[in-house]
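Numbering of the sequence shown is given in the working numbering, commencing with residue 1027 and proceeding in unit increments. Below is one structure; the comments refer to it alone.
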Amino acid sequence: MNMVMAIPWVIGLPVENKKVIGITGLYTMPEDEKEANWVAWFCVEPDYRGKGLGSRLLDLMIEKSKKAGKKFLRLYTSDGEIEKEARELYKKSGFVTTKTKKIEGENETKIYMELKLNSGNE
(Lines of atoms letter the chains of each structure in order from A and count residues from 1; the text may use other names and numbers.)
(Lines give C-alpha, C1' and ligand atoms only; values in the text may rest on other atoms or scores of the structure.)
Protein backbone atom coordinates (compact mmCIF):
# COMPACT_ATOMS: atom_id res chain seq x y z
CA MET A 1 0.00 0.00 0.00
CA ASN A 2 1.36 3.44 -0.92
CA MET A 3 0.99 5.84 1.94
CA VAL A 4 1.94 9.47 1.85
CA MET A 5 4.33 10.50 4.57
CA ALA A 6 3.43 13.88 5.96
CA ILE A 7 6.02 16.58 6.14
CA PRO A 8 5.44 20.21 6.97
CA TRP A 9 3.68 21.72 3.99
CA VAL A 10 5.48 24.37 2.07
CA ILE A 11 2.86 26.56 0.52
CA GLY A 12 3.26 29.51 -1.81
CA LEU A 13 0.22 31.70 -1.51
CA PRO A 14 0.68 34.83 -3.57
CA VAL A 15 -2.33 37.00 -2.93
CA GLU A 16 -3.80 39.80 -4.99
CA ASN A 17 -6.93 41.64 -3.90
CA LYS A 18 -7.36 39.09 -1.07
CA LYS A 19 -7.51 36.21 -3.58
CA VAL A 20 -5.06 33.30 -3.55
CA ILE A 21 -3.60 33.10 -7.05
CA GLY A 22 -1.12 30.23 -6.68
CA ILE A 23 -0.50 27.30 -4.38
CA THR A 24 1.76 24.26 -4.09
CA GLY A 25 3.29 21.93 -1.51
CA LEU A 26 5.63 19.03 -0.85
CA TYR A 27 5.23 15.52 0.51
CA THR A 28 7.26 12.31 0.76
CA MET A 29 6.50 8.69 -0.04
CA PRO A 30 7.79 5.82 2.14
CA GLU A 31 9.53 4.07 -0.76
CA ASP A 32 11.79 7.03 -1.56
CA GLU A 33 11.51 9.44 1.36
CA LYS A 34 15.28 9.54 1.97
CA GLU A 35 16.09 10.66 -1.56
CA ALA A 36 13.07 12.56 -2.86
CA ASN A 37 10.34 15.08 -2.20
CA TRP A 38 7.19 15.07 -4.31
CA VAL A 39 5.36 18.14 -5.56
CA ALA A 40 1.84 18.05 -4.18
CA TRP A 41 -0.94 20.02 -5.79
CA PHE A 42 0.34 22.74 -8.05
CA CYS A 43 -2.04 25.38 -9.27
CA VAL A 44 -1.99 28.92 -10.59
CA GLU A 45 -5.24 30.77 -11.28
CA PRO A 46 -5.81 30.85 -15.05
CA ASP A 47 -5.82 34.66 -15.24
CA TYR A 48 -2.31 34.74 -13.72
CA ARG A 49 -0.65 32.06 -15.85
CA GLY A 50 2.20 33.04 -18.14
CA LYS A 51 3.46 35.71 -15.73
CA GLY A 52 6.18 33.69 -13.99
CA LEU A 53 4.22 32.78 -10.87
CA GLY A 54 4.31 29.04 -11.59
CA SER A 55 8.07 29.20 -12.14
CA ARG A 56 8.54 31.00 -8.83
CA LEU A 57 6.42 28.45 -6.97
CA LEU A 58 8.30 25.57 -8.58
CA ASP A 59 11.64 27.24 -7.77
CA LEU A 60 10.53 27.43 -4.13
CA MET A 61 9.85 23.68 -4.10
CA ILE A 62 13.24 23.00 -5.70
CA GLU A 63 15.08 25.14 -3.14
CA LYS A 64 13.21 23.59 -0.18
CA SER A 65 14.05 20.11 -1.48
CA LYS A 66 17.72 20.99 -1.95
CA LYS A 67 17.91 22.43 1.57
CA ALA A 68 16.37 19.20 2.87
CA GLY A 69 19.23 17.29 1.21
CA LYS A 70 17.03 15.48 -1.31
CA LYS A 71 18.53 14.11 -4.52
CA PHE A 72 15.32 14.35 -6.53
CA LEU A 73 12.14 16.35 -6.80
CA ARG A 74 9.39 14.19 -8.29
CA LEU A 75 5.86 14.74 -9.47
CA TYR A 76 3.18 13.25 -11.61
CA THR A 77 0.86 14.88 -14.07
CA SER A 78 -1.18 13.64 -17.02
CA ASP A 79 -1.18 13.98 -20.77
CA GLY A 80 -4.57 15.70 -20.62
CA GLU A 81 -4.97 19.07 -22.32
CA ILE A 82 -5.67 20.78 -19.00
CA GLU A 83 -2.14 19.85 -17.83
CA LYS A 84 -0.35 21.05 -20.98
CA GLU A 85 0.98 24.32 -19.54
CA ALA A 86 2.17 22.58 -16.38
CA ARG A 87 3.99 19.89 -18.39
CA GLU A 88 5.74 22.58 -20.41
CA LEU A 89 6.81 24.36 -17.21
CA TYR A 90 8.17 21.12 -15.73
CA LYS A 91 10.16 20.34 -18.88
CA LYS A 92 11.49 23.90 -19.05
CA SER A 93 12.60 23.54 -15.42
CA GLY A 94 14.58 20.38 -16.23
CA PHE A 95 12.16 17.63 -15.22
CA VAL A 96 12.34 14.47 -17.30
CA THR A 97 9.74 11.74 -17.76
CA THR A 98 10.64 8.57 -15.87
CA LYS A 99 7.48 6.51 -16.36
CA THR A 100 4.02 6.62 -17.90
CA LYS A 101 0.96 4.69 -16.82
CA LYS A 102 -2.48 4.51 -18.42
CA ILE A 103 -5.17 5.82 -16.09
CA GLU A 104 -7.72 3.05 -15.78
CA GLY A 105 -11.15 3.98 -17.10
CA GLU A 106 -9.96 7.29 -18.56
CA ASN A 107 -8.49 8.48 -21.84
CA GLU A 108 -5.42 9.91 -20.14
CA THR A 109 -1.98 8.69 -19.19
CA LYS A 110 -0.28 9.52 -15.90
CA ILE A 111 3.22 10.92 -16.46
CA TYR A 112 5.84 10.58 -13.72
CA MET A 113 8.64 13.14 -13.85
CA GLU A 114 11.71 13.96 -11.79
CA LEU A 115 14.36 16.61 -11.47
CA LYS A 116 17.84 15.63 -10.29
CA LEU A 117 18.89 18.08 -7.61
CA ASN A 118 22.32 19.26 -6.64
CA SER A 119 21.90 19.94 -2.95
CA GLY A 120 25.35 21.42 -2.66
CA ASN A 121 26.45 18.51 -0.50
CA GLU A 122 27.96 16.60 -3.42
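Backbone N, C-alpha and C define an ideal beta-carbon position, used for all residues, glycine too.
query, result
"Bridge partners - GLY1048, DSSP secondary structure assignment", "VAL1070"
"CA-to-CA distance, GLY1106 to GLY1048, given in whole angstroms", "20 Å"
"Which listed residue (GLY1131, ARG1082, THR1135 and ILE1088) has its alpha carbon closest to that of ILE1108", "THR1135"
"Option nearest ASP1085 by Cα separation, candidates GLU1130, PHE1121 and TYR1138", "PHE1121"
"Inter-stretch contact (C-beta, 8 Å, three-pair minimum) for the region 1092-1101 and the region 1125-1132", "no"
"Run of the beta strand (DSSP E) containing LYS1125, from where it starts to where it stops", "1122-1128"
"For ILE1137 and TYR1116, the rounded distance between their alpha carbons", "11 Å"
"Bridge partner(s) assigned by DSSP for ASN1063", "LEU1099"
"Same chain, Cβ closer than 6 Å to SER1119, five either side skipped, listed in chain order", "LEU1084"
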